[in-house]
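Q: For the sequence shown, numbering that gives the first Met the number 0 gives the first residue as 0, with consecutive numbering after it.
Backbone N, C-alpha and C define an ideal beta-carbon position, used for all residues, glycine too.
Nothing here was measured: the structure is a model prediction, and the numbers come from that model.
First, the structure itself, so that you have it in front of you.
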Amino acid sequence: MSKLGKKLFLVFLILVILSLLMVGIFINFSIGERFDNFINLQREETISELAEVLSENLADDGFASVENLIDNFSRTNRIPIWVENNQGEIIYFPVQNNQMNQMMRRMGMNSNPHLNSMRQTPEDLPGKTMSREVYAAGEKVLTLFWKEMSAENQLDSELYNYFRRNIYRAIIFSALIVILLIIFLSFILSKKITDPLIKLKNAALEVAGGNYQQNITSKGDDELVELIKAFNLMSKKLDKLEKIRKESTSDLAHELRTPLTTIKGYLEAIEDGKIKADQESITEMQEETARMTSLIERLNEFAEAQNKLFNLKEEKIKLNSIINK
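Structural data, given as structure tokens:
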């Protein structure tokens, strides 16, 4: 994986870890309340079903005919239930107290008055008390009471912890899958991004070495492709300028060689005595010298123009003054 790919992987990994931490914190603070709401809604629906069953099974002998049914229901669903008759008396307490009284009766003992005095009504316990009335033949005969559950309730702490553990396992499992996806996506993205950049870097090194014939193929319409197109255009212009420079240098050398050759020829002929150093010869050499001087001055002007071209100074001007002129 390239350096850029590693950086992308680290960035994605940090973002995912931060996201998972935020989700974990949110779940940790909200899971208890959401779990309570879910369980309490289930309890309310279940006890509503119990009330309907009691309405159908209440016989002439009253509550005794359904007491076992309530015992089984409370034990199976782990819901402490109190039952109140029409006189406002609690005639049924949660299963633990009932089991103790039944065991004492089977042993030939009366119910323990101290135990009865320790029986707690729904109002004696913390939390909100819920109720559901039971009707038979159109008349209210019983009222069922139970307490809303909280996450700290010991009767359901095992279920709550099991629920929370499963949520955390799901988060950890999701995190592992996301990390694997990040590794795969980082590799794909880094390859897609870094391959053109590596080609661009190698081409730039070639241009720096004087090889201007560089053309990088690219597909798409993003900023990276625009950069590659700009580089290709720059390389093309540099190659063209390099050809012009070589041609200009060749032409300049030819132009300078002509007057120098002429002057050299006159000087050698005078030295050999083939021609005399008269006014005509001197005038001819002066003309060639002036021609060479003109070429040198034009070359200096070109160099100065190049310096001005590459050292432009931007200034704000008012177009009105230029237009008025």
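Run through DSSP, which three-state label would residue 135 get?
A: The count along the sequence shown starts at 1 and reaches residue 135 at position 136. It is a strand residue.
Q: Quick check on DSSP: helix, strand or coil for residue 129?
A: The residue given as residue 129 occupies position 130 in the sequence shown. Here residue 129 sits in strand by DSSP.
Q: How would you label residue 234, buried or exposed, when you count the other beta carbons within 10 angstroms and need 16 or more for buried?
A: The sequence position of residue 234 within the sequence shown is 235, counting from 1. Buried is the call here.
Q: Have a look at residue 218 and residue 239 and give me their C-alpha separation to the nearest angstrom.
A: Within the sequence shown, residue 218 is the residue found at index 219, counting from 1. Within the sequence shown, residue 239 is the residue found at index 240, counting from 1. Looking at the two C-alpha atoms, the distance is approximately 25 Å.
Q: Would residue 147 pass as a contact of residue 120 if the rule is Cβ separation under 9 Å?
A: Position 148 of the sequence shown, counted from the first residue, corresponds to residue 147. Position 121 of the sequence shown, counted from the first residue, corresponds to residue 120. Taking 9 Å as the Cβ cut-off, residue 147 and residue 120 do not qualify as a contacting pair.
Q: Which ranges does the beta strand (DSSP E) cover as unbroken runs of at least 3 residues, wholly within the region 238 to 321, from first to last along the chain?
A: List check, beta strand (DSSP E) in window: nothing returned.
Q: Quick check on residue 91: does DSSP put it in helix, strand or coil?
A: Here the question's residue 91 lines up with position 92 in the sequence shown. It is a strand residue.
Q: Give a yes or no on contact between the region 202 to 219 and the region 177 to 185, applying the rule of three or more CB pairs nearer than 8 Å.
A: No: the two stretches stay apart, fewer than three of their Cβ pairs being nearer than 8 Å.
Q: With DSSP collapsed to three states, give me the class of residue 65.
A: In the sequence shown, counting from the first residue as 1, residue 65 sits at position 66. Residue 65: coil per DSSP, three-state reduction.
Q: Among 65, 72 and 78, whose alpha-carbon lies nearest the alpha-carbon of residue 90?
A: As a first step, residue 90 must be located in the sequence shown, where it is residue number 91. Of 65, 72 and 78, the residue nearest in Cα terms is 65.
Q: Where does residue 270 land, buried or exposed, given buried means 16+ other C-beta within 10 angstroms?
A: Along the sequence shown, one-based indexing puts residue 270 at 271. It counts as exposed.
Q: Can you tell me the Cα-Cα spacing of residue 164 and residue 229, whole angstroms?
A: Stepping through the sequence shown from its first residue, residue 164 is reached at position 165. Stepping through the sequence shown from its first residue, residue 229 is reached at position 230. Roughly 56 Å separates the two Cα atoms.
Q: Could you tell me the alpha carbon to alpha carbon distance between residue 141 and residue 170, rounded to whole angstroms?
A: If you number the sequence shown from 1, residue 141 lands on position 142. If you number the sequence shown from 1, residue 170 lands on position 171. One C-alpha to the other measures close to 46 Å.
Q: Fully enclosed by the region 151 to 233, which alpha helix (DSSP H) runs are 4 residues long or longer?
A: Those alpha helix (DSSP H) runs which fall completely within the region 151 to 233 and span 4+ residues are 156 to 207.
Q: Rounded to whole angstroms, what's the CA-CA distance from residue 245 to residue 261? Just pull it up for me.
A: Walking along the sequence shown from the start, residue 245 turns up at place 246. Walking along the sequence shown from the start, residue 261 turns up at place 262. Cα to Cα, residue 245 sits roughly 25 Å from residue 261.
Q: For residue 47, I'd like the list of residues in its chain whose CB is within less than 8 Å of its CB, leaving aside the five on either flank, ordered along the chain.
A: By 1-based counting over the sequence shown, the position of residue 47 is 48. Once the five neighbours on either side are set aside, the close Cβ partners of residue 47 are 131.
Q: Between 189, 295 and 63, which lies nearest to residue 252 when the distance is taken from Cα to Cα?
A: Residue numbering aside, residue 252 sits at position 253 when the sequence shown is read from its first letter. Taking only the C-alpha atoms, the option nearest residue 252 is 295.
Q: Determine the burial state of residue 105: buried for a count of at least 16 other Cβ atoms within 10 Å of its Cβ, exposed for fewer.
A: For the purposes of this step, residue 105 is taken as residue 106 along the sequence shown, with counting starting at 1. With a pLDDT of 41 at residue 105, under the threshold of 50, the predicted position of this residue should be treated as unreliable, though the coordinate-derived value follows. Exposed, by the Cβ-count rule.
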